[in-house]
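Novice:
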């Protein structure tokens with residue numbers, strides 16, 4: 002397509018993403034504009050209908066299913082702490098417990114999680130208490146061993162582009178929560194999900210958890226507009242984590258409601274029986290009573306929204 | 002307060018912000034940490050109760066008052082366009098019409114607004130149609146003249162730190178919508194509001210409209226978590242502009258609902274009778290029918306939320 | 002240009018920037034990609050050779066001319082302070098003195114500058130001491146009056162998109178230093194320069210002064226790579242301000258050297274006779290002796306680079 | 002330390018970083034300010050003198066040693082390509098060859114590197130050609146096997162917070178280049194280095210490679226001011242990668258010179274014998290002749306700077 006001062010050349014008929022490198026280096030190329038996206042399996046072009054992931058008989062994430070709430074402490078700190086939380090949440094009707102056993106921490110001098118021991122507790126909890134459990138995996142080598150003892154896996158923001166890890170969780174059959182990286186674009190996030198789907202695991206749940214910006218009055222900047230945006234681009238479910246996105250206890254409840262209003266398929270909330278003694282992220286955790294109150298209101302609003310969808 | 006390797010020195014008893022410069026330059030100073038904020042009049046310390054701004058007999062912004070909706074085109078483009086929109090919105094019950102006469106545009110080669118002529122139209126509309134009008138001012142010299150012909154003034158994101166402009170709108174009696182700058186922190190935003198209050202005008206409405214981040218799939222990144230955050234810091238009302246925050250028509254309605262859920266006192270939405278022929282921001286404008294549908298739903302959700310406050 | 006699933010439509014033969022709005026709002030448009038830039042006069046397409054701005058008989062900024070150094074305090078604080086600095090710099094051979102009379106400050110409770118009185122001092126200094134002077138203008142209404150009493154004008158980062166101000170400095174004959182906005186892209190920066198050139202003033206000097214990012218260990222993030230980049234896009238000279246870019250006295254000298262190595266046409270450095278008592282930005286100011294030492298080294302490196310250009 | 006409206010409480014006498022979580026969650030805490038840094042071994046407090054890492058008899062990185070240049074292709078693509086480059090660089094006197102065998106790529110549909118086969122080639126090159134080799138490791142499980150066949154290891158930006166990987170390279174004896182994460186603060190970067198040192202490997206070389214910001218005219222934003230800043234905080238050497246930082250061939254040479262001027266201990270430059278046919282990052286690679294020319298100039302400037310240090 003000739004122009005006054007430059008010529009546009011289009012590559013047409015391609016099936017899927019084309020690596021730009023061979024073109025980028027050609028002399029005379031001013032700019033390369035991708036029209037095709039760096040993913041295919043996660044896009045709606047080849048899979049227009051919503052992916053719905055069944056968690057248990059009553060709980061499904063995605064599509065038109067009701068908002069799913071995942072709750073629990075940032076880190077498993079003791080047998081007492083995690084069992085107490087699990088029992089409380091189970092009684093309330095929360096379907097999924099979160100709890101970190103392997104903790105990625107900025108400083109090697111911070112608490113690193115109970116690791117193996119924590120995984121054992123989660124396994125015990127799911128059989129004894131009957132709540133589903135999700136936990137983070139950080140290294141490819143632990144994936145299969147952890148996958149057999151928990152219901153769902155989580156890939157954290159810091160590991161969103163740890164491709165060997167993505168491939169490994171792609172080889173399990175567990176649903177995988179894939180958190181958005183701190184400074185990852187929507188396109189990169191979906192391309193990371195593509196790594197998992199390509200290995201055969203199609204049960205990926207995307208989770209927005211705030212991005213890093215210049216603003217420091219919140220821990221991260223919650224980017225809620227990506228929720229309706231991503232729902233157009235992909236068939237995968239999308240949930241929101243108001244605890245990490247804001248880092249402030251007072252903002253967790255209002256932002257959970259906002260996520261619900263904007264169409265999130267679920268919210269993941271940090272709850273701790275004793276936030277004042279939490280070893281990690283206490284300042285953004287609700288205590289059990291605060292959570293109970295918020296939980297009732299979240300379900301109430303979600304119910305209203307479901308009935309009155311535009 | 003002596004430490005092992007450094008000494009902390011506290012300045013106590015001060016009333017209000019202390020300029021750090023004289024201290025910053027002293028040799029031996031490693032870091033200066035402000036505890037006092039760079040504003041005083043806008044903070045809750047000296048004015049704990051919510052500021053409520055009366056717009057007309059039925060419309061008040063702030064406090065526990067119902068969500069207020071402001072709507073209209075990005076720019077006034079013709080007599081027909083702005084009158085048609087004003088009449089339509091008036092019929093729906095929208096209390097405030099927005100319409101830009103002076104348009105700040107990145108390129109001098111883009112449409113710059115109808116300027117004086119646009120202001121005249123707004124003045125005519127408010128008397129003939131009976132809807133309140135708000136418009137942006139860009140230069141101190143026009144402020145008093147514009148202020149006499151419109152109901153409310155707006156200071157845009159690009160001018161959030163145009164201090165002479167802030168002082169000038171501070172000398173009017175009109176309510177002022179102060180948009181957050183593209184890369185302004187919450188603290189800077191509130192300090193800019195302080196400029197207005199210091200001149201005597203206390204009717205400032207803060208408006209979040211998205212910040213600039215690395216993400217390019219939306220025009221800006223809507224930072225909704227600042228709404229509950231700012232409501233704790235200041236007594237001033239806070240509204241949200243989903244049109245500029247997202248830049249995408251499809252995201253305007255869901256984000257307006259999210260803002261309502263998170264506690265915004267109002268939302269400002271771009272509406273154009275014929276977005277396909279808009280001279281500015283057509284891609285983020287709703288047409289009249291889309292707006293009517295969204296408007297009904299927004300009021301519905303806002304009503305539900307008001308009844309069921311946590 | 003038909004593709005498998007979408008069609009690319011090119012607009013060709015246009016002279017200059019096309020406003021995207023009328024196209025953006027058309028249904029069926031997925032994405033609009035600008036090939037033409039939002040500026041024309043500042044680009045090299047129509048003005049391939051470097052603009053060189055003559056300051057005095059020995060000093061020219063731009064093209065292959067030697068690195069120009071501008072120095073002085075952030076703010077004029079007293080007659081003694083500014084005269085002492087001016088005399089010292091004149092003796093060293095520094096051609097241009099900077100000194101702020103109108104100071105844009107985040108908080109209205111911070112020192113706002115000596116305003117008119119400061120301008121008077123600058124006028125006196127240039128006639129009595131014989132050093133050229135540059136100062137910031139913040140409002141259109143003051144521009145012509147200030148322009149007659151100083152040699153060069155500066156538009157600060159906060160006002161880079163204050164379009165009425167840009168137009169007003171565009172109507173003067175003074176060289177104008179246009180600082181890059183805190184979160185402005187290169188394209189926006191050049192489009193702002195276009196506003197000035199369009200009014201007839203072609204003596205614009207672009208000044209990189211750091212952008213706002215997530216990193217807080219420096220005041221801003223110095224984006225030095227834009228210097229060689231911008232030199233390819235525009236014929237205008239480009240200088241660097243290491244004082245504001247870093248906010249730390251220790252980083253000023255090394256970053257000034259880096260700017261010289263990367264091809265800047267000049268550097269602007271904050272110098273204060275007594276940084277420990279500066280009313281503004283003392284922590285990033287060099288004292289007179291530190292400056293003298295740095296100055297000699299900067300000239301030395303600049304000389305070496307000039308002789309050994311790639 | 003009592004204040005008018007709040008009380009400051011200091012924790013003194015601590016040796017090293019204190020985890021904030023137990024304090025953050027206490028009711029009544031408004032803000033927690035760390036004075037101690039989240040690292041200890043990498044800081045200058047306990048190790049004031051510069052770490053110097055010996056690469057071969059003539060090459061040392063760190064301290065007052067001459068600028069070290071590392072060069073080579075982004076990815077190893079064929080035996081011919083990497084051997085040709087290695088021989089060319091060896092002849093020029095470049096001490097270290099870079100070449101990626103395991104490539105982290107955003108899209109799973111892009112070229113992923115030659116993996117094992119590439120490592121074999123590097124091993125052969127170092128014995129046959131006698132140039133030192135550095136390559137990236139992406140997963141803990143490959144580290145020890147790769148470490149035995151190359152001279153230096155690299156941890157890429159995407160893996161800067163892959164803590165199991167950091168621990169694993171910390172158990173080798175190879176020098177490790179630790180790239181700064183795309184959106185990592187200086188503090189997080191140094192805390193990641195601490196993970197490596199804690200395992201016993203003190204030969205860490207920090208590498209700035211650009212951060213992610215709103216600016217899209219360069220691939221990343223080169224943050225050169227961190228080089229002098231980090232040199233004050235840590236005893237470890239700091240190098241710069243102008244190829245990834247800018248993503249543009251034309252900017253590589255000027256930014257390498259700027260890094261040298263600002264005090265970097267080394268620069269790492271992408272060189273490809275045939276950039277037009279590179280499978281990865283061709284647009285930011287120099288060809289052999291461009292590199293030879295740049296190399297001579299870089300050494301020349303580095304020599305001048307060494308002689309004329311401030």
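Residue numbers (the working numbering), protein chains in the order written: chain A, 2 to 311; chain B, 2 to 311; chain C, 2 to 311; chain D, 2 to 311. Idealized CB from N, CA, C, for every residue including glycine.
1. Any C-beta of chain D within less than 7 angstroms: which residues of the region 96-128 of chain A qualify?
2. So, using beta-carbon positions, are residue 57 (chain D) and residue 129 (chain D) closer together than 8 angstroms?
3. Using three-state DSSP, classify residue 161 (chain B) as helix, strand or coil.
4. Hey, residue 210 (chain A) and residue 158 (chain A): beta-carbon distance below 8 angstroms or not?
5. Let's test the definition: count the other Cβ atoms within 10 Å of the Cβ of residue 279 (chain C) and tell me whether it reaches 16, buried, or not, exposed.
6. Measure the alpha-carbon distance for residue 79 (chain B) versus residue 222 (chain B) and round it to whole angstroms.
7. Output, in chain order, the set of chain C residues within a Cβ distance shorter than 7 angstroms of residue 320 (chain B).
8. According to the neighbour-count rule (16 or more other Cβ atoms, all chains shown, within 10 Å of its Cβ), is residue 47 (chain C) buried or exposed?
9. Keeping to the same chain, check which residues put their C-beta closer than 7 angstroms to that of residue 99 (chain A); ignore five residues upstream and five downstream.
10. Would residue 239 (chain B) count as contacting chain A if we go by Cβ distances under 8 angstroms?
11. Please work out which residues of its chain come closer than 8 angstroms, Cβ to Cβ, to residue 298 (chain C), disregarding the five sequence neighbours upstream and downstream, and give them in chain order.
12. Output the distance between the C-alpha atoms of residue 235 (chain D) and residue 44 (chain D), rounded to the nearest integer angstrom.
13. Identify the contact partners of residue 40 (chain B) in chain C, using a Cβ-Cβ distance below 9 angstroms as the criterion.
14. What do you reckon, are the CB atoms on residue 40 (chain A) and residue 105 (chain D) nearer than 8 angstroms?
15. Does the beta carbon of residue 182 (chain B) sit closer than 8 angstroms to a beta carbon anywhere in chain D?
16. For a cutoff of 8 angstroms on Cβ pairs, would you count residue 216 (chain D) as touching chain A?
17. To which residues of the same chain is residue 87 (chain A) closer than 7 angstroms at the C-beta, ignoring the five residues directly before and after it?
18. The beta strand (DSSP E) spanning residue 99 (chain C) covers which residue range?
19. Which word fits residue 273 (chain D), buried or exposed, when buried means at least 16 other C-beta atoms lie within 10 angstroms of its C-beta?
20. Select from D:309, D:290 and D:308 the residue whose C-alpha is nearest the C-alpha of residue 92 (chain D).
21. Starting from residue 153 (chain D), follow its DSSP beta bridges and name the residues at the other end.
22. Is the region 200-219 of chain A touching the region 230-249 of chain A in the sense that three or more CB pairs, one from each, lie closer than 8 angstroms?
23. Return helix, strand or coil for residue 120 (chain C), following the three-state DSSP convention.
24. Can you tell me whether DSSP reads residue 243 (chain B) as helix, strand or coil?
25. Looking at chain D, is there any beta carbon in it that lies within less than 8 angstroms of the beta carbon of residue 213 (chain B)?
26. What separation, rounded to the nearest whole angstrom, lies between the Cα atoms of residue 216 (chain D) and residue 216 (chain B)?
27. For the beta strand (DSSP E) containing residue 180 (chain A), name the first residue and the last one.
28. Compile a chain-ordered list of the residues in the region 219-239 of chain A whose CB is closer than 8 angstroms to at least one CB of chain B.
29. With 8 angstroms set as the bound, which would you pick, yes or no: does the beta-carbon of residue 264 (chain B) sit closer than that to a beta-carbon of chain A?
30. Identify every run of the beta strand (DSSP E) within the region 189-237 of chain C, keeping only runs that are complete inside it and at least 3 residues long; order them along the chain.
31. Does the beta carbon of residue 74 (chain A) come closer than 8 angstroms to any beta carbon on chain B?
32. Is the distance from the Cβ of residue 218 (chain C) to the Cβ of residue 198 (chain D) below 8 angstroms?
33. Out of B:181, B:156 and B:180, state which residue places its alpha-carbon closest to the alpha-carbon of residue 169 (chain B).
34. May I ask you to list the residues that DSSP assigns as paired with residue 55 (chain A)?
35. Of all the CB atoms in chain B, is at least one closer than 8 angstroms to the CB of residue 161 (chain A)?
36. Which class does residue 43 (chain C) belong to by DSSP, given the choice of helix, strand or coil?
Specialist: Reading from the atomic positions:
1. Within the region 96-128 of chain A, contact with chain D at the beta-carbon level (separation under 7 angstroms) is assigned to 105, 107, 108, 109, 110, 111 and 112.
2. Your numbering for residue 57 (chain D) matches position 56 in the fourth chain. Your numbering for residue 129 (chain D) matches position 128 in the fourth chain. No Cβ-Cβ contact shorter than 8 angstroms links residue 57 (chain D) with residue 129 (chain D).
3. Along the second chain, read from residue 1 onward, the residue named residue 161 (chain B) stands at position 160. Looking at residue 161 (chain B) - three-state DSSP - the assignment turns out to be coil, as it is neither helix nor strand.
4. Position 209 of the first chain, counting from 1, holds the residue named residue 210 (chain A). Position 157 of the first chain, counting from 1, holds the residue named residue 158 (chain A). Taking 8 angstroms as the Cβ cut-off, residue 210 (chain A) and residue 158 (chain A) qualify as a contacting pair.
5. The sequence position of residue 279 (chain C) within the third chain is 278, counting from 1. Classification for residue 279 (chain C): buried.
6. For the purposes of this step, residue 79 (chain B) is taken as the residue at position 78 of the second chain. For the purposes of this step, residue 222 (chain B) is taken as the residue at position 221 of the second chain. The C-alpha of residue 79 (chain B) lies about 31 angstroms from the C-alpha of residue 222 (chain B).
7. Look at the range of chain B in this structure, 2 to 311, and you will see that residue 320 (chain B) is not part of it.
8. Indexing the third chain from 1 puts residue 47 (chain C) at position 46. When all chains shown are included, residue 47 (chain C) counts as exposed.
9. The residue labelled residue 99 (chain A) in the question sits at position 98 within the first chain. Excluding positions up to five away in sequence, the list reads 71, 72, 73, 135 and 269.
10. The residue given as residue 239 (chain B) occupies position 238 in the second chain. With a threshold of 8 angstroms between beta carbons, residue 239 (chain B) makes no contact with chain A.
11. For the purposes of this step, residue 298 (chain C) is identified with residue 297 of the third chain, where counting begins at 1. So the list reads 254 and 258, once near-sequence residues are dropped.
12. Start at 1 with the first residue of the fourth chain, and residue 235 (chain D) comes out as number 234. Start at 1 with the first residue of the fourth chain, and residue 44 (chain D) comes out as number 43. Rounded to the nearest angstrom, the two C-alpha atoms are 5 angstroms apart.
13. Taking the second chain and counting its residues from 1, the one referred to as residue 40 (chain B) is at position 39. Chain C residues near residue 40 (chain B): 108, 109 and 110.
14. Within the first chain, residue 40 (chain A) is the residue found at index 39, counting from 1. Within the fourth chain, residue 105 (chain D) is the residue found at index 104, counting from 1. No, Cβ-Cβ distance for residue 40 (chain A) and residue 105 (chain D) is not below 8 angstroms.
15. Looking up residue 182 (chain B) in the second chain gives position 181. No, no contact with chain D.
16. Sequence index remark: in the fourth chain, residue 216 (chain D) carries index 215 (1-based). No, because no Cβ of chain A sits closer than 8 angstroms to the Cβ of residue 216 (chain D).
17. Position 86 of the first chain, counted from the first residue, corresponds to residue 87 (chain A). The residues are 98, 126, 130 and 132.
18. Position 98 of the third chain, counted from the start, is the residue given in the question as residue 99 (chain C). From DSSP, the beta strand (DSSP E) with residue 99 (chain C) extends over 97-99.
19. On the fourth chain, position 272 is the one that residue 273 (chain D) refers to. By the neighbour-count definition (other C-beta atoms within 10 Å, threshold 16), residue 273 (chain D) is a buried residue.
20. Indexing the fourth chain from 1 puts residue 92 (chain D) at position 91. Nearest C-alpha to residue 92 (chain D) among D:309, D:290 and D:308: D:290.
21. Against the fourth chain, residue 153 (chain D) aligns to sequence position 152. DSSP, once it has assigned bridges, lists D:135 as partnering residue 153 (chain D).
22. Yes, they touch.
23. Working through the third chain from its first residue, we reach residue 120 (chain C) at position 119. In this structure, residue 120 (chain C) counts as helix in the three-state DSSP scheme.
24. Within the second chain, the letter at position 242 stands for residue 243 (chain B). Three-state DSSP puts residue 243 (chain B) in a helix.
25. Here residue 213 (chain B) refers to the residue found at position 212 of the second chain. Answer yes: the Cβ-Cβ gap between residue 213 (chain B) and chain D drops below 8 angstroms somewhere.
26. Residue numbering aside, residue 216 (chain D) sits at position 215 when the fourth chain is read from its first letter. Residue numbering aside, residue 216 (chain B) sits at position 215 when the second chain is read from its first letter. If you draw a straight line from the Cα of residue 216 (chain D) to the Cα of residue 216 (chain B), it comes to about 10 angstroms.
27. Taking the first residue of the first chain as 1, we reach residue 180 (chain A) at position 179. Its beta strand (DSSP E) spans residues 177-180.
28. Result list: 219, 222, 223, 224, 225, 226, 227, 228, 229, 230 and 233.
29. As a position in the second chain, residue 264 (chain B) is number 263, starting the count at 1. True, the Cβ-Cβ gap to chain A drops below 8 angstroms.
30. Counting whole runs of 3 or more residues, the region 189-237 of chain C contains the beta strand (DSSP E) stretches 205-209.
31. Locating residue 74 (chain A) in the first chain gives position 73, counting from the first residue. It does not: the Cβ of residue 74 (chain A) has no partner Cβ on chain B nearer than 8 angstroms.
32. Along the third chain, read from residue 1 onward, the residue named residue 218 (chain C) stands at position 217. Along the fourth chain, read from residue 1 onward, the residue named residue 198 (chain D) stands at position 197. Not in contact: residue 218 (chain C) and residue 198 (chain D) (Cβ atoms no closer than 8 angstroms).
33. The residue given as residue 169 (chain B) occupies position 168 in the second chain. Distances from the alpha-carbon of residue 169 (chain B) to those of B:181, B:156 and B:180 put B:156 closest.
34. Translated into the one-based positions of the first chain, residue 55 (chain A) becomes position 54. The secondary-structure analysis by DSSP pairs residue 55 (chain A) across a beta bridge with A:61.
35. Your numbering for residue 161 (chain A) matches position 160 in the first chain. Contact with chain B is absent for residue 161 (chain A), since none of that chain's Cβ atoms lies less than 8 angstroms from the residue's Cβ.
36. Residue mapping note: residue 43 (chain C) aligns to position 42 of the third chain, counting from 1. In this structure, residue 43 (chain C) counts as coil in the three-state DSSP scheme.
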